[in-house]
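Residue numbering for the sequence shown follows UniProt numbering, starting at 1 and increasing by one per position.
As structure tokens, the structure follows; a few thoughts come after it.
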Amino acid sequence: MKQHRFNHWSETKYLKDIVTNPMIEVGEYSYYSGYYGHHDFEDGCVRYLWGDEKSRRLFNPIEDYGWVLDKLIIGNYVCIASGVIILMGGNHNHHPEWITVYPFAEQIETSYEPKGDTIIESDAWIGMNAMIMPGVNIGEGAIVAAGSVVVKDVPPYTIVGGNPAKEIKKRFTDKEIEKLKEMRWFDWEREKIERAIPIFSSSSIDQLYDYYLREIKPYEHLENG
Numbered sequence: 001m002k003q004h005r006f007n008h009w010s011e012t013k014y015l016k017d018i019v020t021n022p023m024i025e026v027g028e029y030s031y032y033s034g035y036y037g038h039h040d041f042e043d044g045c046v047r048y049l050w051g052d053e054k055s056r057r058l059f060n061p062i063e064d065y066g067w068v069l070d071k072l073i074i075g076n077y078v079c080i081a082s083g084v085i086i087l088m089g090g091n092h093n094h095h096p097e098w099i100t101v102y103p104f105a106e107q108i109e110t111s112y113e114p115k116g117d118t119i120i121e122s123d124a125w126i127g128m129n130a131m132i133m134p135g136v137n138i139g140e141g142a143i144v145a146a147g148s149v150v151v152k153d154v155p156p157y158t159i160v161g162g163n164p165a166k167e168i169k170k171r172f173t174d175k176e177i178e179k180l181k182e183m184r185w186f187d188w189e190r191e192k193i194e195r196a197i198p199i200f201s202s203s204s205i206d207q208l209y210d211y212y213l214r215e216i217k218p219y220e221h222l223e224n225g
């Protein structure tokens, strides 16, 4: 685990290089900047998710109890800042509608209820010390402000903040967002993304859309066929 630690705040690690838990799916170029969190991605940022090496040695709720476990699914080019907490299965045995929320060991097998996969779609940015609750879907291009607690789905290209997190504003107009959702630039070949980096580092969605119509769309059927 030592190789997962950070040496400086400027250091980031691609999740593809550090994730080993089969319950976590990670896209390309998504990274974790965890220096100030002082813990690893799979054992600190992601919490209460069975499937890491140690938990697999201790127990297997899939085989032992027949549980259907939630997954953490992260898209391409996602930015996760230091101190972020992604809560997974640890609170699935607490029932507010029961007389007690205490998870008696005798009831563990039958009390578990899946929350659904937690999904962070491509090009999302999760700010420092934000907390994401189980089963939340954070849309592509969304921004979660530092210190926020996300308890419900976040629409694409939307900035949310607070506890509970609420919409602050859309990043772009509805028309521009529709173009971005059509282009899905984060799924392009890396070489074509690199050629368009000057456009990405601007706010000209129309210019990117022209590039898409010229360089990407005419060849999509070849890549998908």
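Even for Gly, the Cβ is constructed at its ideal location relative to N, Cα and C.
All figures in this text were calculated on a predicted structure; none of them were measured in a lab.
Distance, residue j Cα to residue i Cα
i, j, result
"M1", "V144", "Confidence at M1 is low in this model, with a pLDDT of 42, below 50, so the placement of that residue is unreliable and no value is reported for it."
"N137", "D174", "20 Å"
"T110", "P61", "11 Å"
"P156", "I126", "13 Å"
"I197", "E113", "44 Å"
"T100", "N93", "11 Å"
"E189", "E28", "11 Å"
"N21", "A105", "25 Å"
"Y35", "I168", "28 Å"
"H8", "G66", "42 Å"
Span of the beta strand (DSSP E), counted from its first residue to its last, around residue i
i, result
"I159", "158-161"
"K170", "166-170"
"I85", "85-87"
"E182", "Premise fails: E182 lies in the alpha helix (DSSP H), 174-183, not in any beta strand (DSSP E)."
Neighbour-count burial assignment, residue i, 16 or more Cβ in a 10 Å radius
i, result
"F41", "buried"
"D52", "buried"
"W185", "buried"
"F6", "buried"
"K13", "buried"
"N163", "exposed"
"S148", "buried"
"D64", "exposed"
"L208", "buried"
"S201", "exposed"
"G37", "buried"
Cβ pair residue i, residue j closer than 8 Å
i, j, result
"S122", "Y77", "yes"
"K32", "L15", "Correcting the residue identity first, residue 32 is Tyr in this sequence and not Lys. Yes. Within cutoff."
"N129", "V84", "yes"
"I74", "C45", "no"
"V72", "W50", "The amino acid occupying residue 72 in the given sequence is Leu; Val does not appear at that position. No, these two residues do not count as a Cβ contact at 8 Å."
Alpha helix (DSSP H) segment containing residue i, residue limits
i, result
"L208", "205-211"
"T110", "108-111"
"L15", "15-18"
"I62", "61-65"
"E25", "Note, E25: premise wrong, no alpha helix (DSSP H); beta strand (DSSP E) at 24-26."
"I193", "190-195"
Selection from the options that minimises the alpha carbon distance to residue i
i, options, result
"K166", "E178, V150, I205, L69", "V150"
"M88", "A105, T118, S82, E97", "T118"
"E140", "I132, V154, D210, I199", "V154"
"K179", "K152, R195, A146, K217", "K217"
Below-8 Å beta-carbon distance, residue i vs any chain D residue
i, result
"F6", "This model lacks chain D altogether, as it is built from one protein chain only."
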